[in-house]
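Presented below is the structure to which this report refers.
Chains as they are written, first to last, in this note's numbering: chain X, 449 to 639; chain D, 252 to 1082.
Shown next as structure tokens:
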């Protein structure tokens, strides 16, 4: 399939959200659904309140929108935890540890499952703060693509989320390549 | 049961659901709604409910009985997969089983606030289910009467002795439909009849006997002779028309002494007449309103357990609509408002001690909500403070942290955050759209103030300025938009008004009402929403086309720089055209103080999509035929234009429907309704000043004249839309607006004239060359029954005028130009 040029090097944010929706999450059904339903991606149900069940996020959101379940937010999506994380993020030079698809998942849940997340406005603010902080670090880190880098041989970018990787990938990869060419030239020069 | 008691509304919904589930791929549900705010809200609530259960359904707005007929032919008649037809605020007062050709497996659910309801729909037809608000359960005596008459009929047909024959309860559905415009007339005839019958029967002991054989009465079974000799051939009523016409024929009493038997038959007859009286009384009391459709749907939702904040807000809007238009009294209003108030706390989503803050906000002056600056200070989370806590571990910090979060989430004034959609109960003034006009305008154009102070006279206007002066408000301030008055004045307005009100004979300025926050956008009150929706329903589509898109017809768009639209118009989207449009819109609208806060770009994009979708699909739109000549083309275009005009109200309906979700549209609606109110008050004042109301014996009569034709502004006249900004021809087109003018005049007369008379008002509609006539009874605080419906029908029938009763309301009629005077004359003797 021929993709337009803009899409060849990275995914769109909507695609990433789509991928994120495949994660498993716990729900508490509020209405009983007594049949199993067989879908292409697997078999789900029956749902008997108040027993919890694990379903993909997309199904959880669908049920939530129809008022048939409540979602149990993941452990890390909590106001206090995120507050601490934000502080940690501001204090350290590298990226703190966050779940791989934290931004997308948080976005989806805060949009559709507001009443299931206690203090959701605070959560939203902290997510925003963490995102900005990391974004700043990523941009600042671009300065590190220097020729000296290549003497080390690698650049350590731990703990980036999928969305963030996707953002910097096109530019970063290309810049890295170009730098690599220069360093190669230098190396040959030195010889 | 063919009516559902108020405790079992949930069961009715379960039926709809299960019948839909049985046919998962077909569209089994039709929702038919009339274009008024109540039905609109109920429609939205039901639609959301059906969507949440994945039930496919179709919404069809109908504006009158003829549209209902067309819908019947198109969608109902041969539709075998249809199982549920939900009718909102329509179809309750007529014989719906005869009007619609209901498919055999379908059920019609009627949720109608008009009263009195048709008894056949309640008690007889199996396929019709009327959802009850508790009133039907009280009508035991009527039920008894109805059933007795029903039974008596089926007996009498076989009975030889008794000759109460000829009561006809069945009718041919088709002849019914043809005769339907006369049906309602003949019902009135029947009631007339009944009175005469009871007189006849009271005398029957002394009466001579007629020898008409029974046979002639029972002949054909379907025709009924009318002893009044009005010369009209019998038109059959829907089966539930209980006004029997015991024939005048009686057998000669048999010579043998079956006195006992005779006495028994006398008893029977007396009983029957008592029943007939009950029924006649039921229908003749006059039309009034019961619980609004939205409230009924809300009750249903509570029983199912699917109430949402939106549903609550919509029920509040419907209730406020009923109260503002004097359809229910203050007592009823307060009772319902109280139960809504209890529910508001359930839907306060912002985390933390919402209840506490809610109480506080009640005492805030109403104006504080609009102050953008203040909201921002309060609602922004104070992160730096949050980071000052020592240590980050879990455990002991939890409670402190939680409290901190709770505190940070709350704004000082109104809104608590970007997602705040909570509903609060506040005391509302009877001033229309108070927060959106200048204070002077608001007082001048409010019905209540105008009526009490008498602002049509110079003396009244002086009183108004006097009032302002005593409140300590400088003139410049009062003429500025309310939100731009100095804050100190804004806060004082409330208290001062209350204090000074009684001196100016305005003692009932406040009533308990509700407001809703919309995040950081405007906080809108229930009455404002009602006005906005009404305006949108009357004229929304064309207004939006002209104003939301920047009035491209008459404004010069070229000079506007795209860069002008500030960053707040975030939705302007990628396309530069949309940005240009929104810039034009903002340029044009800044004069009215709306600025760029509106997301006008979003609205304008919406309009263009809207037009494409709806415009082309107006029913029967004729495409150009190849090879047609000039004349034919002109005719075709004239027909299309007429269809477009008729289709315009559908667009307005959907515009108002969207406005229930979209606060920007409501804001536009508010602007539009201000326009309408200006026209209304100006017209009302000119009518009073020029003494254009003729006082007849039993009522007052006014004709609203067109003001000098359309003016030059805005050249192109949008079909069905406002022809110009001060054209009072809008009254001829809009029932709601004419109704409000009538109420305005009534209130004015009540205060300033000695005699209390009902009012009949007529407005000319130049497109159909007819007059829209409305009858408004004397406004009493207690009972609210309108007897004009019957009077209109009788008058029309007597004078044989072409008469269209429309908008599902009997007291509204459309009369051709030539017949108006005759009609009014006939009416004189009837009221």
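Yeah, the Cβ is synthetic: ideal placement off N, Cα and C, and Gly gets one too.
- In the three-state scheme derived from DSSP, where H, G and I count as helix and E and B as strand, residue 731/D is classed as coil.
- When secondary structure is reduced to three states using DSSP, residue 1063/D falls in the strand class.
- One finds 302, 303, 304, 305 in chain D with Cβ atoms closer than 9 Å to the Cβ of residue 514/X, taken in chain order.
- When the alpha-carbon of residue 631/X is set against those of 600/X, 529/X, 549/X, 547/X, the nearest one is in 600/X.
- Residue 676/D and residue 348/D have their C-alpha atoms spaced approximately 42 Å apart.
- For residue 927/D, the enclosing alpha helix (DSSP H) starts and ends at 914-940.
- Under the 8 Å criterion on CB atoms, residue 557/D is classed as interfacial with respect to chain X.
- Cβ contact annotation for residue 570/X (same chain, cutoff 6 Å, sequence separation greater than five): 527, in chain order.
- In the DSSP assignment, residue 1011/D forms a beta bridge with 952/D, 1026/D.
- Scanning its chain for C-beta atoms nearer than 7 Å, with the 5 sequence neighbours on each side dropped, one finds around residue 1079/D the residues 947, 948, 949, in chain order.
- Separation of residue 887/D and residue 311/D (C-alpha to C-alpha, rounded to the nearest whole angstrom) is 26 Å.
- Under the three-state reduction of DSSP output, residue 457/X falls in the coil class, being neither helix nor strand.
- Around residue 389/D, the same chain offers no residue with a beta carbon nearer than 6 Å, after the five sequence neighbours per side are excluded.
- In the DSSP annotation of this structure, residue 518/D is not part of any beta strand (DSSP E); the continuous alpha helix (DSSP H) holding it starts and ends at 510-535.
- Between residue 994/D and residue 679/D, the C-beta spacing is not below 8 Å.
- Contact between the segment 1036-1053 of chain D and the segment 1063-1079 of chain D is present: 3 or more CB-CB pairs across the two stretches fall below 8 Å.
- In terms of beta-carbon proximity, residue 537/X stays away from the interface with chain D, with every pair separated by 8 Å or more.
- Interface annotation, residue 383/D: not in contact with chain X, CB-CB separation never under 8 Å.
- In this structure, the alpha-carbon of residue 469/X lies about 43 Å from that of residue 572/D.
- When C-beta atoms of the segment 934-948 of chain D are compared with those of the segment 783-798 of chain D, fewer than three pairs fall below 8 Å, so the two segments do not count as touching.
- Per DSSP, residue 947/D lies in no beta strand (DSSP E) segment and is marked neither H nor E.
- Bridge pairing for residue 983/D: absent [DSSP].
- Between the segment 534-544 of chain X and the segment 494-502 of chain X, the count of Cβ pairs shorter than 8 Å is below three; the stretches do not touch.
- Pairwise C-beta distances place the segment 980-987 of chain D out of contact with the segment 937-945 of chain D, as fewer than three of them are shorter than 8 Å.
- Within the model, the alpha-carbon separation for residue 391/D versus residue 299/D is close to 35 Å.
- Excluding five sequence positions before and after residue 619/X, the CB atoms of its chain that fall closer than 8 Å to its own CB belong to 590, given in chain order.
- One thing to note: residue 543/D has its Cβ no nearer than 8 Å to the Cβ of residue 565/D.
- Ranked by Cα distance from residue 1024/D, the first of 984/D, 1004/D, 1008/D, 1036/D is 984/D.
- If you ignore the 5 residues before and after residue 340/D, its C-beta comes within less than 8 Å of the C-beta of 284, 285, 287, 289, 290, 293, 362, 363, 364, 365, 544, 1059, all in its own chain and listed in chain order.
- Judged by DSSP secondary structure, residue 382/D falls within the beta strand (DSSP E) whose first and last residues are 379-382.
- Where residue 1043/D is concerned, the enclosing alpha helix (DSSP H) starts and stops at 1039-1050.
- Residues of the same chain with a CB within less than 7 Å of the CB of residue 1021/D, apart from the 5 flanking positions on each side, are 1065, 1066, 1067, 1068 in chain order.
- The segment 717-731 of chain D makes no contact with the segment 778-793 of chain D; the number of CB pairs closer than 8 Å stays below 3.
- Excluding the 5 residues flanking it on each side, residue 559/X has no same chain C-beta neighbour closer than 8 Å.
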